[in-house]
Each structure stands twice: as structure tokens, then as C-alpha cells.
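Comments concern the structure below.
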Amino acid sequence: MDANCFYDQMANDSISSCPTASEMSVDDHSENGTEVESKKLPSSRYKGVVPQPNGRWGAQIYEKHQRVWLGTFTEEEEAAKVYDIAALRFRGQNAITNFQTSSESDDDYIEKMFLSSHSKAEIVDMLRKHTYQLELEQSKQNYACYGIGNSQGFSDLFGSNPFQETALEFLFDKVLTPSDVGKLNRMVIPKQQAEKHFALSSDIASKGVLLNFEDNTGKVWRLRYCYWGSSQSYVLTKGWSRFVKEKSLKAGDSVSFWRSNIGPNSRFFIDSKPQQQQNGSGFEEMQSQEEVGLLNPDDRSGGVRLFGVNILEKPNNLNCR
DNA sequence: TTTTGTGTTGAA
DNA sequence: TCAACACAAAAG
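Numbering (full-length UniProt numbering), first residue to last: 1 to 321.
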């Protein structure tokens, strides 16, 4: 493509993407395009932005001695903004960017969370496909649906989890064994899960604690949770047999544990599912959140699901009511 | 045929 | 790390 074609394309694409006079070499004005220098592409005034032969602009960022291509864009400024987004994700809040990016507004805070909750590859993929803004907006809408619902700005909540009123966190599943639904009147909680989600201090471990679990009907089940030293296992005891009976649980069925909030006001939830039926007695509130992306039923790795991704590690503290 | 984005190089 | 340049690969 010669210079004339190049600038024709520039004119078609966007007025604002045309080079300034200072960026255009004298030879660019030649009519016949025979000058060698006329093919020289205009440099971008933005970091991470490179000109393309067709007059568009490419965005790229470097990491570990390798270029990461961020896509091509009609507008030079658009490419610059894309670089900024990548820079924030790759290099953090202190990254040098083309435009002012840091503020304490709610939107900016959501975007920070959005960025940090997606892998670099995911962000790059969005940028290259030009879907970043769309996905970000969808995340904001998800937040609006399940937000705190008061007038308090996010910035007021820095230092704590601003989404704690909204997050419903999947803890773990347990496929019930015959003994879990038998006459022992107890359910063994896998040690790894127990120590992770229901950690007890040693002094109260043997004594046990009463935990409240809400089921899908809103009914609260008060279950005794303790550690049995004899079998070195964590168990739900008092109240469990009644739960089994009322839910008609059998071996092979499963129970799921969830929690909402992080901190002193944590609430636990319990849900049961028949062995063969995966979509039967779903937790209505949880399902509705899954539908909007707050929770991902396919990804039960344990993190809080926000903006369609997991963003928080599970806390290790136990909160009894 | 047009556009994207990679290979490569040299500067900072 | 970064941008410039050339050009092969991919897309239309």
C-alpha cells in the first residue's frame, strides 16, 4: 500500500486518527508517491500504540521480553486506552498509562475489581475482540442487581470487602455415605473442608458449637458441629438426623454448603440434592445469582463469584451465631 | 485483496 | 521495554 492509499484509508476511517502536520513528513504530500520516505508510517503519540499500514492503530504491551498483541483499532486514542487497560492489569495501579486512570469513583473501583478478577489472558482476549467494555458494563449491571443497595459509595468501604452484602460463596459438596444417613445421627465433614471453612480453635473443638444453616425454604437448621478426637473427624451431630429425615436423604445424595458475607455477620446455607437429579432441589436464591453470573455452578473452586468470575479466596475463620 | 499481528532489529 | 519496519498469515 502506498502513501496515497494509506491516507485515503485514514480519511475514511476517522478524522481524529489522521496524523497531525508535525507527524506527517514533507514527502507525504508528494502526488506521485515515488518518494521512499512517503511510506513512513506516522508514529503514535501514545505509549503502546503502533501504526498499521492501513491507517489503523495497533496496541501492544511487553512482558517478560515478549510482545503481547492487544489488537488493532481505528482510533489512535482507542488503542491507547486499550494499552492503558492492559498496563493496569499487567503492571498494577502504578502502571504508567496514556490517560488518567486512577480515581475513587464507584465505576473505577468496579473496574479495578473486574481487572483483578480476570486473568491477563482473559483481559487480552477481551481487548483484542473489542468486548472489554461490554463485559465490564455487564459486570456493573450485575453489581447493580445485587449491590449493597444503599447510597454508600464504594470508596467508603475500602479496606473491607465492598461486596460482602452481595456475595454468596460456595463452600463444598458432600456426597452422603450410608453412615451419614444411618443411625449414627451424624455427618462427617471431610477434614480438609472442615478445617478450611469451619475451623475451630482447639479448646472449643471438643466441646462443639451450634451453627445455623438456612435451607432453600428459608428454614433454619441449628446443627451441632464438633470434632471427635476418637475418630479424628469433624462431624455435624445434634440436629442432623432431623435434617436427614425431613429431606428424605439417602446414601449417595449430596449436601452443599454455602455462606454469605465475610466477617462477623456470616450466614451459612445448606442445600441437598438427590443422587440422580442434578437440577432438582436447587437453592432458589443461589440459582438466581448463578443466572446473573454472581455464582458459577460449574466452578466450585470456592471463590466468591462476582462479575462472572471468582474474585475472593475463602476466609478461614468460623463464625457461629 | 485487505488486514492482522508476528519476526526482527535497534534504541533507550 | 519499546517502537519501527517488513512481511507472512489470516480473514474477508
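Where is the CB? At the ideal position from N, CA and C, for every residue including glycine.
Is the beta carbon of residue j closer than 8 Å to that of residue i?
{"i": "I85", "j": "I110", "result": "no"}
{"i": "E71", "j": "A87", "result": "Correcting the residue identity first, residue 71 is Gly in this sequence and not Glu. Cβ atoms of G71 and A87: not closer than 8 Å."}
{"i": "K174", "j": "V244", "result": "no"}
{"i": "L176", "j": "L249", "result": "yes"}
{"i": "A121", "j": "N98", "result": "no"}
{"i": "F268", "j": "N185", "result": "no"}
{"i": "E75", "j": "V49", "result": "no"}
{"i": "I189", "j": "V235", "result": "yes"}
{"i": "K64", "j": "I96", "result": "no"}
{"i": "G208", "j": "R222", "result": "no"}
{"i": "E169", "j": "R259", "result": "yes"}
By DSSP, does residue i sit in helix, in strand, or in coil?
{"i": "F114", "result": "helix"}
{"i": "S139", "result": "helix"}
{"i": "E75", "result": "coil"}
{"i": "K191", "result": "helix"}
{"i": "K81", "result": "helix"}
{"i": "D271", "result": "strand"}
{"i": "K174", "result": "strand"}
{"i": "D253", "result": "coil"}
{"i": "Y132", "result": "helix"}
{"i": "Y46", "result": "coil"}
{"i": "L41", "result": "coil"}
{"i": "S105", "result": "coil"}
{"i": "F198", "result": "coil"}
{"i": "K245", "result": "helix"}
{"i": "S179", "result": "helix"}
{"i": "K207", "result": "coil"}
{"i": "A95", "result": "coil"}
{"i": "N4", "result": "In this predicted model, N4 has a pLDDT of only 32, less than 50, meaning its place in the structure is not dependable enough to derive any value."}
In whole angstroms, give me the CA-to-CA distance for residue i and residue j.
{"i": "T237", "j": "K183", "result": "11 Å"}
{"i": "P51", "j": "S139", "result": "32 Å"}
{"i": "M187", "j": "G252", "result": "13 Å"}
{"i": "R89", "j": "T131", "result": "16 Å"}
{"i": "K196", "j": "S119", "result": "25 Å"}
{"i": "D108", "j": "D271", "result": "36 Å"}
{"i": "Q192", "j": "W240", "result": "20 Å"}
{"i": "F257", "j": "I61", "result": "42 Å"}
{"i": "Q100", "j": "K273", "result": "50 Å"}
{"i": "C226", "j": "L210", "result": "9 Å"}
{"i": "S233", "j": "M126", "result": "46 Å"}
{"i": "R91", "j": "Y83", "result": "11 Å"}
{"i": "T217", "j": "K247", "result": "12 Å"}
{"i": "P178", "j": "S105", "result": "54 Å"}
{"i": "R128", "j": "W69", "result": "8 Å"}
{"i": "E78", "j": "N94", "result": "21 Å"}
{"i": "residue 341", "j": "S230", "result": "With the chain running from 1 to 321 in the structure shown, residue 341 is simply not present."}
{"i": "R56", "j": "Q133", "result": "20 Å"}
{"i": "M113", "j": "L171", "result": "22 Å"}
{"i": "L115", "j": "F73", "result": "21 Å"}
{"i": "S117", "j": "A194", "result": "26 Å"}
{"i": "K242", "j": "A199", "result": "The sequence shown places Arg at residue 242, rather than the Lys named in the question. Between R242 and A199, the C-alpha separation is close to 24 Å."}
{"i": "Q275", "j": "D215", "result": "18 Å"}
{"i": "P53", "j": "R45", "result": "17 Å"}
DSSP puts residue i in a beta bridge; with which residues?
{"i": "residue 339", "result": "Summary: the structure shown does not reach residue 339, with the chain confined to residues 1 through 321, and so no result is reported for it."}
{"i": "P51", "result": "W57"}
{"i": "W69", "result": "Q60"}
{"i": "V235", "result": "V188 and C226"}
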